[in-house]
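Asker:
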Amino acid sequence: MKNRLVSGMRPTGKLHLGHYVGVLEKWKDLQNSRDSLFFVADWHALSTSYEDRLNLKNLSIDLVRDWISSGIDPEKASLFIQSQVKEHAELYLILNMITPLGWLERNPTYKDQLQQLSGKDINSAGFLTYPVLQSADVLLYDAIEVPIGEDQRPHLEISREIARRFNFLYGSNIFIEPKEVLSETSKLNGLDGRKMSKSYGNSIYLSDNKDEVLIKLKAGKTDPNRIKKTDLGNPEVCIIFSYHKEFSNIDEVNEIAESCKTGKIGCVDCKKRCSVSINNLLEPMRERQINLNDNYIIDVIENGKNRASQIAKNKMNEINKIVFDGK
Ligand code: TRP
Ligand code: SF4
31 MKNRLVSGMR PTGKLHLGHY VGVLEKWKDL QNSRDSLFFV ADWHALSTSY
81 EDRLNLKNLS IDLVRDWISS GIDPEKASLF IQSQVKEHAE LYLILNMITP
131 LGWLERNPTY KDQLQQLSGK DINSAGFLTY PVLQSADVLL YDAIEVPIGE
181 DQRPHLEISR EIARRFNFLY GSNIFIEPKE VLSETSKLNG LDGRKMSKSY
231 GNSIYLSDNK DEVLIKLKAG KTDPNRIKKT DLGNPEVCII FSYHKEFSNI
281 DEVNEIAESC KTGKIGCVDC KKRCSVSINN LLEPMRERQI NLNDNYIIDV
331 IENGKNRASQ IAKNKMNEIN KIVFDGK
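All residue numbers for the sequence shown refer to my numbering, where the first residue is 31 and numbers rise by one.
1. Measure the C-alpha to C-alpha separation of P254 and P314 and round it to an integer number of angstroms.
2. Tell me which residues share the same chain as S99 and place their Cβ nearer than 7 Å to its Cβ, disregarding the 5 neighbours each side in the sequence.
3. So, is Y171 buried or exposed, given that buried needs 16 or more other C-beta atoms within 10 angstroms?
4. Can you tell me whether G48 is helix, strand or coil according to DSSP?
5. Can you determine whether any heavy atom of the ligand GTP sits closer than 7 Å to the C-beta of S37, and answer yes or no?
6. Answer yes or no: do I174 and T129 have a C-beta to C-beta separation smaller than 8 Å?
7. CA-CA distance, E282 and T252?
8. Using 8 Å as the cut-off, can you tell me whether the region 343-353 makes contact with the region 114-129, which would need three or more C-beta pairs spanning the two stretches below that distance?
9. Per DSSP, what are the beta-bridge partners of D65 in this structure?
10. Give me the residue from L109, D82, N85 with the minimum Cα distance to R95.
11. Could you please give me the residues that DSSP links to F110 through a beta bridge?
12. With a threshold of 7 Å (Cβ to nearest heavy atom), would D241 be considered close to the ligand SF4?
13. Tell me, please, which residues DSSP counts as bridged to Y235.
14. Excluding five sequence neighbours on each side, which residues of the same chain lie with their C-beta closer than 6 Å to the C-beta of S305?
15. Does the ligand TRP have even one heavy atom less than 7 Å from the beta-carbon of R95?
16. Take D82 as the anchor and find which of V168, K150, D167, F157 has the nearest alpha-carbon.
17. Our contact map puts H185 next to T139 with C-beta atoms below 8 Å; I'd like the distance itself, whole angstroms only.
18. Could you say which of D261, K58, L311, V211 lies nearest to N239 if we only look at CA atoms?
19. The beta strand (DSSP E) that contains K209, what's its start and end?
20. Hey, would you say the C-beta of G149 is under 7 Å away from at least one heavy atom of the ligand TRP?
21. Can P265 be considered in contact with the ligand SF4, in the sense that its beta carbon sits closer than 7 Å to one or more heavy atoms?
22. With respect to the alpha helix (DSSP H) encompassing G334, which residues constitute its N-terminal and C-terminal limits?
23. Which residues in the same chain have their Cβ closer than 6 Å to the Cβ of R190, if we skip the five residues on either side of it in sequence?
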């Protein structure tokens, strides 16, 4: 029996290199050794975007298509959509009953988001209880491990506390306290040096074509003290160099660092080479993308739902016995 692993991603639009390096690379690696369930957290998306009337159905299908084209393998992992497995909502309801408000109000990610998303009205019960739904997502499947980014750590801590509290209140061991598998989401910054994010317009998308990648890199931030090719550069302060470190091979990285420091390579050349490395990564994804038709994706999602539902229904039966059958 492989360890069970569960993780989710909100369907907020197309994926960029930051998603790939932070999260998807990790998923791709883990799917080989774990019993992996990856799902589209469309209910979670609703908690911040309920006013936007997004087409969550299409966004969810697009997200699964992006996962598969970047190497998530439906033969190895079950891929499904959260809102198609109603037990997530059922368990969320039960867990809401036992979750102290203070835990949710003190959650640092919550407080952070309230400030950051100040243009949106997220003073809702749904947003406050976001971590309760996330807890249902993982406790429902007895997940032993949960791959997450740094910002999600407080949520997983709440999941463990909820598991412990439920077990204590009902004198059972029904829930496993899930462990985090941390992925470094901040590893790759955007072209302007800030965190790579759709809202900053500083992202390279997995769906960008060859030319778009090069054009974006040309506008990327380099060592500001380097104006002429003969100026001695400092690659460590250059965004382009950070991409080389991620996407070029080690010999090339060393050579570029040396040439930059000694003024032997110009930034324009360096960026061209960077685009080659990034395109080498993206090209197989573009090819897979073309070969994936909608029916196949829908099939994958249907299979994922069936598998997830089976586990979720059994677990929910056990939970309901504990909650409703008294002593
Ligand atoms: N909140 C997570 C995020 O925004 C997505 C998510 C929802 C999730 N449910 C989950 C991640 C369960 C891991 C496990 O990134
Ligand atoms: Fe950055 Fe390359 Fe220019 Fe050096 S040569 S500053 S690493 S883009």
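Note that the Cβ used here is the ideal one computed from N, Cα and C, for glycine as well. All figures in this text were calculated on a predicted structure; none of them were measured in a lab.
Answerer: Checking against the coordinates, here is how it stands:
1. 34 Å
2. M315, R318, Q319, L322
3. buried
4. helix
5. In the structure on display, the ligand GTP does not appear, and the ligands it does have are the ligand TRP and the ligand SF4.
6. no
7. 18 Å
8. yes
9. R34
10. L109
11. F69
12. no
13. H46
14. V243, L244, L247
15. no
16. K150
17. 6 Å
18. L311
19. 209-213
20. no
21. yes
22. 324-354
23. E207
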